[in-house]
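S.K.: Chains as they are written, first to last, in our numbering: chain P, 69 to 680; chain H, 8 to 58. Below is the structure I would like to discuss, written out as structure tokens.
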């Protein structure tokens, strides 16, 4: 049994589950997000396929996921619009959903393999299918907004859509990590019960804050109610008593509350009654057995979730008294959003319950995941990183309007473009650095302990001071204390400017931060290596060691502007020139580090490695 | 006035059941089952496995 998971991972069955879920979900998400439309279009005779690269309206007026370079495929049967952003979002969500479903199935297989009784297996099927469908519904949250005909303003819809996509991404990622840990045999959620009191206090504070902040209108009234009930539940936990009749009392109260909902939804009475029924409910809930508690949580969560998707399928929201349908849709969507984490938690809880009570641990269900193979080699990472960075560079050169052209309306669009592009470029830069590190490691004994890299911290401070990231005691500028630039060239934005007159001024942007980190780490390594081996092969290493203290300040682009500003001014004037010089300085620093390492390794084993 | 005026209302019945009636039924079921002394899952699992 010890090799269960590798077996699972290599098993064709689970690969098939993953692939199938991914493909079906990808197409489904495209369809639900209204990016892929199935319809009958009458084409002129002789035409059966139209590929178009220009969007029907200017790019900044396109709906949210369809931003960036555009391509659409139209055939008589379907019409499919694509941008890198829309494909990326669908890919990410489908990947996470498929991964989660596969992990749940693996978890279930493990439970079934060690099950003492058939009961465990059949309960496991139930918990797994509930959890899997929860993941599916989480994934669709992101596509909800495009199904709302018109809601407030376009900017609001865009923000809601982005918010929901990120919410779905976060929930699915957390779920993946927890499941992975669970399968590995860890107890990822145990810290919640260990720090119970402080957690309750923290969540209670958050809920009070939420009740203060959430507007008192109809659309959020169910969210307010849920928050009030949870607050009552936490208060009940602090009371710490058990009272079996609490649950019926709370159910009756809730029933009355829903009958009088049109009268109560605006007033503070909703919060008061909600809190009260939460207290009673918790007193009853805590007296129940664990499986019944989990069952209740499941039912509550699913009845919060279901009206949302059902409304989307029906095309008109499920009625609730006579509230207008636009508000009703938001009402059900917000309840869907709060129901999702509860359903997920209940699903994981049920699986844990089954594992702890009905699975035979002696059968050796100690499973270790295979360590990810490091055989991939640095070149792969370097190529991936280069593609990421260069594609964003090319994207900016060819579509600079998407980043810079501000006409007063497109703030969100420009920000999303900049942040997306910068994230890809940063990820690419990190992949590139990692690839280079792996390539070096395969040639030199490149092993530093954490304490040997400590010189990097003071060096980073020195570099930031010398290169103009941090200015001491600036004065006479008209900046406000805190300025955030949200759009601009990728890697140059988003930027932060902190300005406290006569105390300190800080200007940060992604490329610079990466540069400081890279330069100070390399210099720190250079210094510690020189000190470590300097005694044996004194002269060249020590020279380079002293060189390490200054390379970034002499070579990095930022100080070049301050020290040699007039000399290389013209070169530094363009972004490309600046990036070029800055990367060149990293190259020089890396070469110095390699030279010292070579000397060090030669002096260590006395064999000159002529491999590099 | 006919009871069902459109296909939407026909679907609505099923969906109403799913979103409103089933949760109530399930909650009652869980609460009742929890009170029943015969319904002890851990004991049941132990018995089934013959320990």
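Every residue gets a Cβ at the ideal spot worked out from N, C-alpha and C, and that includes glycine. The structure presented is a predicted model; accordingly, all values stated were derived computationally and were not measured.
#1: Helix or strand or just coil, what does DSSP make of residue 11 (chain H)?
#2: What does the alpha-carbon distance come out to for the pair residue 533 (chain P) and residue 585 (chain P)?
#3: Which residue or residues does DSSP assign as beta-bridge partners of residue 424 (chain P)?
#4: Output, in chain order, the set of chain P residues within a Cβ distance shorter than 8 Å of residue 37 (chain H).
#5: According to DSSP, simplified to helix, strand and coil, what is residue 467 (chain P)?
#6: Does any residue of chain H bring its CB to less than 8 Å from the CB of residue 70 (chain P)?
#7: List the residues that DSSP assigns as beta-bridge partners of residue 150 (chain P).
#8: Out of curiosity, what's the CA-to-CA distance linking residue 662 (chain P) and residue 139 (chain P)?
#9: Beta-carbon of residue 44 (chain H) versus every beta-carbon of chain P: anything under 8 Å?
#10: Kindly provide the ranges of any alpha helix (DSSP H) runs that are 4 or more residues long and lie completely inside the region 352-389 of chain P, ordered along the chain.
#11: If we ignore side chains and look at the alpha-carbon of each, how far apart do residue 235 (chain P) and residue 269 (chain P) end up?
#12: Can you grab the Cα-Cα spacing for the pair residue 307 (chain P) / residue 243 (chain P), in whole Å?
#13: Scan the region 150-207 of chain P and note each continuous alpha helix (DSSP H) run of 4 residues or more that stays entirely inside, going in chain order.
#14: Mind checking which residues open and close the alpha helix (DSSP H) that includes residue 496 (chain P)?
#15: Rounded to a whole number of angstroms, what is the C-alpha to C-alpha distance between residue 482 (chain P) and residue 560 (chain P)?
#16: Secondary structure at residue 416 (chain P), three-state DSSP: helix, strand or coil?
#17: Within a Cβ cutoff of 8 Å, which residues of the same chain sit near residue 485 (chain P), ignoring the five residues on either side of it in sequence?
#18: Are the C-beta of residue 20 (chain H) and some C-beta of chain P separated by less than 8 Å?
#19: Quick one: does residue 48 (chain H) have its CB under 8 Å from some CB of chain P?
#20: Just to confirm, are residue 246 (chain P) and residue 257 (chain P) a CB contact at a threshold of 8 Å?
#21: Using a Cβ-Cβ distance cut-off of 8 Å, determine whether residue 186 (chain P) contacts chain H.
#22: Pull up the distance between the alpha-carbon of residue 639 (chain P) and that of residue 579 (chain P), whole angstroms please.
#23: Under three-state DSSP, which class holds residue 121 (chain P)?
#24: Output the boundary residues of the beta strand (DSSP E) element that contains residue 564 (chain P).
#25: Is residue 432 (chain P) helix, strand or coil by DSSP?
#26: Under 7 Å Cβ-Cβ, which residues of chain H neighbour residue 357 (chain P)?
#27: Leaving aside the five residues before and after residue 50 (chain H) along the sequence, list all residues of the same chain whose C-beta is less than 7 Å from its C-beta, in chain order.
#28: Look at the Cβ atom of residue 272 (chain P), then the Cβ atom of residue 299 (chain P), and state whether they are nearer than 8 Å.
#29: Is residue 34 (chain H) closer than 8 Å to residue 367 (chain P) when the C-beta atoms are compared?
#30: Check for me: the alpha helix (DSSP H) holding residue 529 (chain P) runs from which residue to which?
#31: Taking only beta-carbon positions, decide if residue 625 (chain P) is within less than 8 Å of chain H.
#32: Would you verify that the beta carbon of residue 425 (chain P) is, or is not, closer than 8 Å to some beta carbon of chain H?
#33: So for residue 613 (chain P), helix, strand or coil by DSSP?
#34: Under three-state DSSP, which class holds residue 304 (chain P)?
#35: With a cut-off of 8 Å, does the C-beta of residue 371 (chain P) fall near any C-beta of chain H?
#36: State buried or exposed for residue 522 (chain P), treating a residue as buried only when at least 16 other CB atoms are found within 10 Å of its CB.
M.R.: Quick answer:
#1: Residue state, collapsed to three classes: coil.
#2: 14 Å
#3: DSSP lists no partner for residue 424 (chain P).
#4: Correct list: 360, 363, 364 and 367.
#5: coil
#6: Residue placement at residue 70 (chain P) cannot be trusted, given a pLDDT of 44 that sits under 50; the coordinates are not used to answer.
#7: P:139
#8: The C-alpha of residue 139 (chain P) is placed about 46 Å away from the C-alpha of residue 662 (chain P).
#9: no
#10: 358-373 and 375-382
#11: 24 Å
#12: 31 Å
#13: 152-181
#14: 479-509
#15: 14 Å
#16: helix
#17: 135, 136, 470, 471 and 555
#18: Under the Cβ criterion of 8 Å, residue 20 (chain H) is not counted among the residues facing chain P.
#19: It does; some Cβ of chain P falls within 8 Å.
#20: yes
#21: yes
#22: Its pLDDT being 47, under 50, residue 639 (chain P) is placed unreliably in this model, and the coordinates cannot settle the point.
#23: coil
#24: 563-568
#25: Caution applies to residue 432 (chain P), whose pLDDT of 45 falls short of 50 and renders its modelled position unreliable; the model cannot decide the point.
#26: 41
#27: none
#28: yes
#29: yes
#30: Unbroken alpha helix (DSSP H) run through residue 529 (chain P): 524-534.
#31: For residue 625 (chain P), the predicted model reports a pLDDT of 42, less than 50, meaning its position is unreliable and no value from the coordinates is stated.
#32: Taking Cβ atoms only, chain H reaches closer than 8 Å to residue 425 (chain P), which makes this a yes.
#33: Below a pLDDT of 50, predicted positions are generally treated as unreliable, and residue 613 (chain P), at 47, falls in that range; the measurement from the model is reported next regardless. The answer is helix: DSSP assigns residue 613 (chain P) an H, G or I state.
#34: Residue 304 (chain P): helix per DSSP, three-state reduction.
#35: yes
#36: exposed
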